[in-house]
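Note that numbering that gives the first Met the number 0 has the sequence shown beginning at 0, numbered continuously upward.
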Amino acid sequence: MSRPEPTIKHQLELDNGDIWQLLHAPATYVITYKNKPVNIRIEHASLSGNKYKYRRSSYTELGTAIAQVRRYNKIFGCTDFGYRIVE
Numbered sequence: 000m001s002r003p004e005p006t007i008k009h010q011l012e013l014d015n016g017d018i019w020q021l022l023h024a025p026a027t028y029v030i031t032y033k034n035k036p037v038n039i040r041i042e043h044a045s046l047s048g049n050k051y052k053y054r055r056s057s058y059t060e061l062g063t064a065i066a067q068v069r070r071y072n073k074i075f076g077c078t079d080f081g082y083r084i085v086e
């Protein structure tokens with residue numbers, strides 16, 4: 000099954016030939032912990048000091064948000080992660 004054609008709200012063509020398109024998103028899904036929005040950071044130890052990577056915590060596709068919630072609940076061994084719809 001193919002993706003539906005997006006609704007383009009605005010389009011901009013840059014000098015290098017790239018085309019940026021502003022697309023309509025019906026909703027955004029935000030990852031929550033105990034019903035509060037959160038960011039997730041991963042700390043990597045290295046010889047030059049600790050480095051941090053931040054995981055995405057908002058998604059435009061419901062299926063992706065649900066998959067991430069399941070993944071975080073499994074990793075942290077809890078059932079406190081969920082998602083909230085932002086319209």
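Don't be surprised by glycine CBs; every beta carbon is placed ideally from N, CA and C.
As the structure is a computational prediction, the values presented were derived from the model and not from experiment.
Straight through space, the alpha carbons of threonine 27 and leucine 61 are spaced by roughly 8 Å.
Secondary structure of leucine 21 (DSSP, three-state): strand. Under the three-state reduction of DSSP, arginine 54 is assigned to strand. Nearest neighbour of leucine 21 by Cα position, chosen from Glu12, Asp14, Ile7, Thr31, turns out to be Ile7.
A direct Cα-to-Cα measurement between lysine 50 and glutamate 42 gives close to 6 Å.
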